[in-house]
Amino acid sequence: DAMVIQNPRYQVTQFGKPVTLSCSQTLNHNVMYWYQQKSSQAPKLLFHYYDKDFNNEADTPDNFQSRRPNTSFCFLDIRSPGLGDAAMYLCATRGWGDDSYEQYFGPGTRLTVT
Amino acid sequence: AQKVTQAQTEISVVEKEDVTLDCVYETRDTTYYLFWYKQPPSGELVFLIRRNSFDEQNEISGRYSWNFQKSTSSFNFTITASQVVDSAVYFCALSEALSDSWGKLQFGAGTQVVVTP
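Going down the list, the sequences are from chains A and B. Just so it is clear: in the first sequence, position 47 is 47 by our numbering, and no numbers are missing. Just so it is clear: in the second sequence, position 8 is 122 by our numbering, and no numbers are missing.
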């Protein structure tokens, strides 16, 4: 089945130690999104890619970076994680040009910062 | 300003009861899309439905039904004969086609549904 895959499902990192979360998709969608979701809150968009074009949300901290080496993969890099970065990180994809506005989400990576 | 309002923080029902989740949205775009997503305890957001601003037809899918009313800017969701597996957080979301062509989703705060046997 076509899907959005996120690895790892659970990640523990130390305060200040860089961490990378990965997302892959078999849907061949042009657009990929990264969301941060803290406990009992709605997902918050960090940035998105349309193909290789990167679009950052205005309030996304510089500590968060992203890479998309090809259509299938997208990475979220947190350069110096703080305790406030502990959250669920959700990757989503969306097709383009087919009047299909829904986003398809991966299972998420739950990040713990110690 | 909050563009999607889900006023109900949590709803608790007993199995087989019906439950209706309210969603009120705000937009100046004439073309927009509304969504409902389900987030079970596992964390994955599951797409349930998309509604276009130019299509006010209500929809039924099994035990799920949706009532879209542009006159009141509402897109309500009803689960009929609820089951324990329906326990989850449900998010209503808005995408404004003209203001943001990248399909950015603006989520409501979510409503926690708890179904007890």
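Note that the Cβ used here is the ideal one computed from N, Cα and C, for glycine as well. Keep in mind the model is a prediction, meaning the values are calculated, not measured.
Report buried or exposed for threonine 114 of chain A, applying the criterion of at least 16 other Cβ atoms within 10 angstroms of its Cβ. The sequence position of residue 114 of chain A within the first sequence is 114, counting from 1. Exposed, since its Cβ has fewer than 16 Cβ neighbours within 10 Å.
Supposed close pair glutamine 6 of chain A, glycine 106 of chain A - CB separation, criterion 8 Å: The count along the first sequence starts at 1 and reaches residue 6 of chain A at position 6. The count along the first sequence starts at 1 and reaches residue 106 of chain A at position 106. About 4 Å; that satisfies the 8 Å criterion.
Going by C-alpha distance, which of A:Phe64, A:Phe15, A:Val4 and A:Ser39 is nearest asparagine 30 of chain A? Sequence index remark: in the first sequence, residue 30 of chain A carries index 30 (1-based). Closest by alpha carbon: A:Val4.
Write down the C-beta distance between glutamine 36 of chain A and threonine 93 of chain A rounded to the nearest angstrom, noting that I regard them as a contact closer than 8 Å. Numbered from its first residue, the first sequence carries residue 36 of chain A at position 36. Numbered from its first residue, the first sequence carries residue 93 of chain A at position 93. Glutamine 36 of chain A to threonine 93 of chain A, Cβ: 17 Å. No contact.
Can you find a C-beta in chain B that's less than 8 Å from the C-beta of arginine 67 of chain A? The residue you call residue 67 of chain A lines up with position 67 of the first sequence. The beta-carbon of arginine 67 of chain A is placed no less than 8 Å from the nearest beta-carbon of chain B.
According to the neighbour-count rule (16 or more other Cβ atoms, all chains shown, within 10 Å of its Cβ), is aspartate 102 of chain A buried or exposed? The residue given as residue 102 of chain A occupies position 102 in the first sequence. The amino acid at residue 102 of chain A is misidentified as aspartate; the sequence shows glutamate. Sixteen is the threshold: when 16 or more other Cβ atoms of the shown chains lie within 10 Å of the Cβ of glutamate 102 of chain A, as they do, the residue is buried.
Can you give the beta carbon distance from glutamate 210 of chain B to aspartate 143 of chain B, rounded, assuming they're within the 8 Å contact cut? Working through the second sequence from its first residue, we reach residue 210 of chain B at position 96. Working through the second sequence from its first residue, we reach residue 143 of chain B at position 29. With a beta-carbon spacing of about 4 Å, glutamate 210 of chain B and aspartate 143 of chain B fall inside the 8 Å limit used to define contacts.
Counting only Cβ-Cβ distances shorter than 7 Å, please list the residues of the region 157-172 of chain B near chain A, keeping chain order. Residues of the region 157-172 of chain B with a Cβ closer than 7 Å to any Cβ of chain A, in chain order: Gly157, Glu158, Leu159, Phe161 and Arg164.
Would you mind telling me which residues of chain B sit closer than 7 Å to phenylalanine 105 of chain A, beta carbon to beta carbon, in chain order? Within the first sequence, residue 105 of chain A is the residue found at index 105, counting from 1. Here the neighbours are Glu158 and Leu159.
Residue of A:Asn70, A:Asp53, A:Pro61 and A:Lys44 minimising C-alpha distance to cysteine 23 of chain A: Translated into positions along the first sequence, residue 23 of chain A becomes position 23. It is A:Asn70 whose Cα lies nearest to the Cα of cysteine 23 of chain A.
Candidates B:Leu208, B:Val198 and B:Gly217, of which the one nearest valine 133 of chain B by Cα: For the purposes of this step, residue 133 of chain B is taken as residue 19 along the second sequence, with counting starting at 1. Considering only alpha carbons, the answer is B:Val198.
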